[in-house]
Amino acid sequence: EPEVTQTPSHQVTQMGQEVILRCVPISNHLYFYWYRQILGQKVEFLVSFYNNEISEKSEIFDDQFSVERPDGSNFTLKIRSTKLEDSAMYFCASRGTGTLLHFGNGTRLTVT
Amino acid sequence: KNEVEQSPQNLTAQEGEFITINCSYSVGISALHWLQQHPGGGIVSLFMLSSGKKKHGRLIATINIQEKHSSLHITASHPRDSAVYICAVEKTSYDKVIFGPGTSLSVIP
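Protein sequences, first through last, are from chains A and B.
Quick note: the first sequence, position 107, residue 107 per the working numbering, numbers continuous.
Offset between the second sequence (1-based) and the working numbering: plus 112.
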């Protein structure tokens, strides 16, 4: 069964550095999402992406964050100038029209 | 006020018990999702509902659009059902799926 894949599974970075989290959604899906989950807290919506552009973003998704679909298959989340409070699990998800959400296994980001 | 609420927050059950988890929401939605997250694990979609009821194995999900309420039922619960169950809604006219706070279920043998 096709699945959403995320890389890396764990990323450690120093405060102030830039990180890129990568996701390969299911190939015929049209809607893509990034979520984050700070340890012990609920999953929070960051951004949705449709038709090669951002369709919705939350108040968390400020100028520090950006998303791209650089080559038609990968879907990336870039976090510039990371802060300690960016440490979290980041989940990518995709879906087709009227279908279940499919999630990747997540990338655990640790900012030191 | 959160747009999606769940109850109870935590639930402990004996193996074999019938379990109900509730979700209520305050916004217009086009669909509602029930998700499962095992400790330290990823997120798995269980159901997507826009009306009525769906069943998959021992899991049943219902939704009442007029009352803005959904329930997830687990029959003959088993320790492997122990997980966090999350209700998430697709807001009407928004390409945004908002998660509820989750219900942590522990099923004891």
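Beta carbons are placed, not taken as given, at the ideal position from N, Cα and C, and that holds for glycine.
Closest Cα partner of residue i within the set the options
i: residue 67/A; options: 51/A, 59/A, 58/A and 47/A; result: 47/A
i: residue 31/A; options: 88/A, 81/A, 44/A and 101/A; result: 101/A
i: residue 82/A; options: 14/A, 2/A and 44/A; result: 14/A
i: residue 172/B; options: 184/B, 127/B and 162/B; result: 184/B
i: residue 99/A; options: 122/B, 160/B, 140/B and 154/B; result: 160/B
i: residue 204/B; options: 198/B, 217/B, 167/B and 138/B; result: 138/B
i: residue 194/B; options: 154/B, 200/B, 216/B and 147/B; result: 216/B
i: residue 211/B; options: 69/A, 51/A, 78/A and 37/A; result: 37/A
i: residue 56/A; options: 35/A, 90/A and 86/A; result: 35/A
i: residue 75/A; options: 52/A, 16/A and 10/A; result: 52/A
i: residue 26/A; options: 110/A, 92/A, 109/A and 108/A; result: 92/A
i: residue 199/B; options: 19/A, 61/A, 43/A and 16/A; result: 43/A
i: residue 29/A; options: 106/A, 72/A and 80/A; result: 72/A
i: residue 174/B; options: 202/B, 136/B, 153/B and 155/B; result: 136/B
i: residue 150/B; options: 165/B, 207/B, 197/B and 180/B; result: 197/B
i: residue 41/A; options: 88/A, 78/A, 21/A and 9/A; result: 88/A
i: residue 45/A; options: 213/B, 218/B and 220/B; result: 213/B
i: residue 180/B; options: 124/B, 141/B and 120/B; result: 141/B
i: residue 131/B; options: 202/B, 170/B and 208/B; result: 170/B
Sheet register partners of residue i (DSSP bridge)
i: residue 109/A; result: 11/A and 88/A
i: residue 43/A; result: Beta-bridge pairing links residue 43/A to no other residue.
i: residue 164/B; result: 175/B
Neighbour flag for residue i against chain B, beta carbons, 8 Å
i: residue 66/A; result: no
i: residue 1/A; result: no
i: residue 43/A; result: yes
Delimiting residues of the beta strand (DSSP E) encompassing residue i
i: residue 56/A; result: 53–57
i: residue 117/B; result: 116–119
i: residue 65/A; result: 65–68
i: residue 97/A; result: First-last for residue 97/A: undefined, no H or E at that position.
CB contact check: residue i to chain A, cutoff 8 Å
i: residue 209/B; result: yes
i: residue 133/B; result: no
i: residue 151/B; result: no
i: residue 164/B; result: no
i: residue 205/B; result: no
i: residue 168/B; result: no
i: residue 145/B; result: yes
Problem set entry | Length-filtered (3 minimum) beta strand (DSSP E) runs lying within the stretch 2–31 of chain A | 5–7, 10–13 and 19–24
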